[in-house]
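Numbering (UniProt numbering), first residue to last: 1 to 435.
Here a beta-carbon is modelled for each residue, glycine too, at the ideal position from N, C-alpha and C.
What follows is a short report on a single structure.
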Amino acid sequence: MQMEDRQESPKSQSALVTEPADIKKIKSEDFPSQNDDEEPFYDFQAFVKLMKDPRADPIVRYTRSFLNNFVTKRELWTSEEQRKLVNDFKVFVFDKLTLYEPFKSLDAANLLNAKEGMEKLIMGKLYHKCFSPCLKSQLNVLDKGHKLDLDHDAMLADKREEFRFIDPQHLEINDKISSKLETFTQLSAKELGRMNGYKAPRDKMVCALNACRVIFGFLKHLKLERDGADAFIPLLIYAILKSNVESLISNVNYIERFRYPGFLRGESSYYLSSLQGAAGFVANMQVESLHIGNQQDFESKYHANQDALRKERESRQPSDPHKNASIPREPYGPSPSDYILKPLDGATNIVLSKFAELFSPAPASPQGHDAQEDVEGHDDITRLAQEMEEKEHARVLRELHAMFPDMDQELIRDISIAKKYRIGACVDVLLTLSS
1 MQMEDRQESP KSQSALVTEP ADIKKIKSED FPSQNDDEEP FYDFQAFVKL MKDPRADPIV
61 RYTRSFLNNF VTKRELWTSE EQRKLVNDFK VFVFDKLTLY EPFKSLDAAN LLNAKEGMEK
121 LIMGKLYHKC FSPCLKSQLN VLDKGHKLDL DHDAMLADKR EEFRFIDPQH LEINDKISSK
181 LETFTQLSAK ELGRMNGYKA PRDKMVCALN ACRVIFGFLK HLKLERDGAD AFIPLLIYAI
241 LKSNVESLIS NVNYIERFRY PGFLRGESSY YLSSLQGAAG FVANMQVESL HIGNQQDFES
301 KYHANQDALR KERESRQPSD PHKNASIPRE PYGPSPSDYI LKPLDGATNI VLSKFAELFS
361 PAPASPQGHD AQEDVEGHDD ITRLAQEMEE KEHARVLREL HAMFPDMDQE LIRDISIAKK
421 YRIGACVDVL LTLSS
């Protein structure tokens, strides 16, 4: 039976949204094996110290020049131009790291950490130009890529409201999954929502990984992890449907554009693809996408939800369709990368004609002014980073205590310390102990 209230997704907007059929492309045999103990070393403060070293002056000047010319040479690059410029600069500057001390003498792990730090630094500075929801006030001049990000975020939000009433069986979620499903999907949704609090692609990716690992841990607890994507993807879709995550597609596209390709592999690559597929499925969801047992009961709930939505929308003031797209903020204070490089003066505003020239070094520092002075407030950065870390640890403990109220709190704390407060890994261990 065709439902009159159902709104079709505009075909013209479907180009960058994953079609429901793409869910089938995520094969169960591709499901990653999870080994949380192999997480690479990462210390942004170690990178800050290296950038403060006077010998790092060439790297500092290359970076200052690129950032300055990115924001001054043109008011707004297209999303694809931004992707190319940023990733080309990373290739360029990563190569330069091997030529100058103190980076030249680093071992492989610390050199990788420096590259991660560089990505966090430059994207922290360019975030307001590259993350689509930050550009919504410039809709009249936005390129197709950024506009589609905003349109698809709105489509996802609309579909989430349209189908917010559905139950697990409508997604053919295994009957073996217990009543704890809501608890774990809610935690997964919270982790997805935290992406809006960070600027660095890595930090957003960590939130996505945590969301996926929570679901994976739940499946592992139920001994369903061997079902791979067949069990995992429906739960991820359900978590998105039951969440209020804003700008999810913009976040996923931002990670894909600006996370260095060499850093997106294995588990990260799989989970990012899964999240893209799940978000695309929801954005394109139709009644035909669902498994409906009792047609009459489903239609009754569907129309009741449509009536409720009409009343809710009538009570709202008329607004821009993108008004609810989030403008990400740093919920625990500004990113440390905001404090690394001083603003450039007029002398460094070099007029350039080719993309490659964006990488040209800024003028050498005046006498008495070296690169070390370009990296300011190191003590403030360290203190801020410690405060942010403490708040994050406290948040993880609160979430875990709420999920496992009968478990000894000291045991939860010990496991959190051992797993470095990675909530996905903690949930996995606590589920095992509680079974």
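Touching by the beta-carbon criterion (3+ pairs, under 8 Å), the segment 76-86 and the segment 123-130
Here the segment 76-86 lies against the segment 123-130, with 3 or more beta-carbon pairs under 8 Å apart.
Can you tell me which of the three DSSP states residue 436 falls into?
Look at the range of the chain in this structure, 1 to 435, and you will see that residue 436 is not part of it.
For residue 111, I'd like the list of residues in its chain whose CB is within less than 6 Å of its CB, leaving aside the five on either flank, ordered along the chain.
Cβ neighbours of residue 111 beyond the five flanking positions: none.
Presumed contact (8 Å Cβ cut-off) between residue 241 and residue 298, rounded CB distance:
The beta-carbon distance between residue 241 and residue 298, rounded to whole angstroms, is 15 Å. This is too long to meet the 8 Å contact definition.
Taking 8 Å as the threshold, find out whether the segment 387-407 comes into contact with the segment 424-431 through three or more Cβ pairs.
Yes, they touch.
Drop a sphere of 10 angstroms on the beta-carbon of residue 236, count the other beta-carbons inside from all chains shown, and report buried for 16 or more, exposed for fewer.
Classification for residue 236: buried.
Would you kindly report the start and end of the unbroken alpha helix (DSSP H) that includes residue 118?
Boundaries of the alpha helix (DSSP H) harbouring residue 118: 108-130, taken from the DSSP string.
What number of angstroms, rounded off, separates the C-alpha of residue 147 from the C-alpha of residue 92?
Rounded to the nearest whole angstrom, the C-alpha separation of residue 147 and residue 92 is 29 Å.
Going by DSSP in three states, residue 169 sits in which element: helix, strand or coil?
Correct three-state label for residue 169: helix.
Would you kindly check if the distance between the Cβ of residue 238 and the Cβ of residue 171 is under 8 Å?
For the 8 Å CB-CB criterion, residue 171 and residue 238 form a contact.
On the three-state DSSP scale, how would you describe residue 228?
If DSSP states are grouped into helix, strand and coil, residue 228 belongs with coil.
Give the DSSP-derived three-state secondary structure of residue 245 in the structure shown.
In the three-state scheme derived from DSSP, where H, G and I count as helix and E and B as strand, residue 245 is classed as coil.
Distance, residue 123 Cα to residue 160 Cα:
Straight across, the Cα-Cα distance linking residue 160 with residue 123 is about 30 Å.
Would you please state the rounded distance, in angstroms, between the beta carbons of residue 44 and residue 120? I believe it to be under 8 Å.
About 6 Å; that satisfies the 8 Å criterion.
Do the segment 182-197 and the segment 244-259 make contact, defined as three or more Cβ pairs closer than 8 Å?
Verdict: yes, contact present.
For a test of the three-state rule: what should DSSP assign to residue 404, helix, strand or coil?
In the structure shown, residue 404 sits in coil (DSSP, three-state: anything other than H, G, I, E or B).
By how many angstroms is the C-alpha of residue 414 removed from the C-alpha of residue 310?
Distance from the CA of residue 310 to the CA of residue 414, rounded to the nearest whole angstrom, comes to 49 Å.
The ligand ZN heavy atom lying under 7 Å from the CB of residue 400:
Looking for the ligand ZN in the displayed structure turns up nothing, as the structure carries no ligands at all.
For residue 270, name the three-state secondary structure that DSSP assigns.
Three-state DSSP puts residue 270 in a helix.
Measuring straight from C-alpha to C-alpha, what distance separates residue 64 and residue 173?
So the alpha carbons of these two residues sit roughly 51 Å apart.
Quick check on residue 51: does DSSP put it in helix, strand or coil?
Helix, per DSSP.
Among 251, 211, 258 and 168, which residue has its Cα nearest to the Cα of residue 267?
Checked all of 251, 211, 258 and 168; the closest Cα to residue 267 is 211.
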